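Below is one structure, written out as structure tokens, with a few remarks after it.
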Amino acid sequence: MFNVNNSNKENLVGQPIDLQLLLKLPAYRLHMKWDTLPENLKTSPELQSHLPCFEHYNRPDREVHIDGPPPSKSKCRACKRSNQ
């Protein structure tokens, strides 16, 4: 089974990766592991929406200021407003 703490491309060959396990990761942690994931998971819209929102994260030209790590795109208030 996929081990989040010990994942690199060599270790992931032939191992099943549970999408639900990846969705439980904090957004910044998923971003750190993104390059080690297989392409079929990277194309998942659900997983892509769980990546951090760097578009609205502490930008000086916006009225958005977020303390701490960036939220996932699915939890970003500015992203939600723009999608409505």
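Residues in the sequence shown are numbered consecutively from -8, following the working numbering. Where is the CB? At the ideal position from N, CA and C, for every residue including glycine. As the structure is a computational prediction, the values presented were derived from the model and not from experiment.
Using the DSSP secondary-structure output, state which residues sit across from residue i in a beta bridge.
{"i": "S63", "result": "P43"}
Determine the direct distance from the alpha carbon of residue j to that of residue i, and round the result to whole angstroms.
{"i": "C44", "j": "D26", "result": "17 Å"}
{"i": "L16", "j": "H47", "result": "20 Å"}
{"i": "M(-8)", "j": "I8", "result": "In this prediction, M(-8) has a pLDDT of 44, which is less than 50 and means its spatial position is unreliable; what the coordinates show is noted afterwards. Looking at the two C-alpha atoms, the distance is approximately 7 Å."}
{"i": "N74", "j": "K64", "result": "11 Å"}
{"i": "P61", "j": "Q11", "result": "21 Å"}
{"i": "K66", "j": "H41", "result": "8 Å"}
Determine, for residue i, whether the minimum Cβ-Cβ distance to residues of chain C falls below 9 Å.
{"i": "R72", "result": "The question asks about chain C, but that chain is absent: this structure has only one protein chain."}
For the alpha helix (DSSP H) that contains residue i, what are its first and last residues?
{"i": "N49", "result": "Note, N49: premise wrong, no alpha helix (DSSP H); not H, not E."}
{"i": "K15", "result": "It is not in any alpha helix (DSSP H) - K15 carries neither H nor E in the DSSP assignment."}
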